[in-house]
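Visitor:
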């Protein structure tokens, strides 16, 4: 596990620079709507709308999943927009979880096809009352209405 974390860190570090030596400076993704719930039968639902303002490929995607029981899905889940996927990094309950989102797009400044693919990764924690308003069985974003997911890595 440690070696894979070190490898991912090295890949992220190398991938955040272009051949011209420029450092990647991606804008944070925005989650404008989010709802998470738990039914009496133990079925969890999560849905959210995420926006990546990347100038080369601005994208808005609807994402969501359902699962039963305490074991939350940890694999990448495709959103309705093919270039966006998400996964849960952690899920303690509907009032405390972390989402990671990745967006892949083409950037001609990093190479010629097929080496022009860039993937950015963003993540954020959600918890009540910091950015969630909750009832007994569901939570939504607070009155502020949006949450930022800072970009933490880019791979080209």
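Numbering (mature numbering (1 follows the signal peptide of the UniProt record, and there is no 0)), first residue to last: -20 to -1, 1 to 136. Glycine included, each C-beta is placed from N, C-alpha and C at the ideal position.
Suppose the cutoff is 6 Å on Cβ atoms and the five residues either side in sequence are ignored; what does the same chain contact list for residue -19 look like?
Guide: With a pLDDT of 41 at residue -19, under the threshold of 50, the predicted position of this residue should be treated as unreliable, and no value is reported.
Visitor: Answer with buried or exposed for residue 112, where buried requires no fewer than 16 other C-beta atoms within 10 angstroms of its C-beta.
Guide: Residue 112 should be labelled buried.
Visitor: Need the endpoints of the beta strand (DSSP E) that residue 66 sits in, please.
Guide: Here the beta strand (DSSP E) through residue 66 covers 64 to 73.
Visitor: So what does DSSP say about residue 141, is it helix, strand or coil?
Guide: Outside the shown range of the chain, which is -20 to 136, sits residue 141, and nothing can be said about it.
Visitor: Just to check my reading of the structure: residue 41 and residue 64 have Cβ atoms closer than 8 Å, yes? What is that Cβ distance to the nearest angstrom?
Guide: Contact flag correct, Cβ pair sits at about 4 Å.
Visitor: The ligand ZN and residue 126: does any heavy atom of the ligand fall closer than 8 Å to the residue's C-beta?
Guide: For the ligand ZN, the structure offers nothing, since it holds no ligand at all.
Visitor: Can you list, in chain order, the residues of its chain whose CB lies under 7 Å from that of residue 71, leaving out five sequence neighbours each side?
Guide: Here the set comprises 52, 77.
Visitor: What number of angstroms, rounded off, separates the C-alpha of residue 47 from the C-alpha of residue 114?
Guide: The alpha-carbon atoms of residue 47 and residue 114 are separated by roughly 19 Å.
Visitor: By Cβ distance below 7 Å, which residues in the same chain neighbour residue 122 in space, the five residues on each side in sequence not counted?
Guide: These residues qualify, in order along the chain: 111, 112, 113.
Visitor: Contact check, residue 132 vs residue 101 under 8 Å by CB: the rounded distance?
Guide: Indeed, because the Cβ distance is near 6 Å, the residues count as touching under 8 Å.
Visitor: Between the beta-carbon of residue 129 and the beta-carbon of residue 30, is there less than 9 Å?
Guide: Yes, they are a contact pair.
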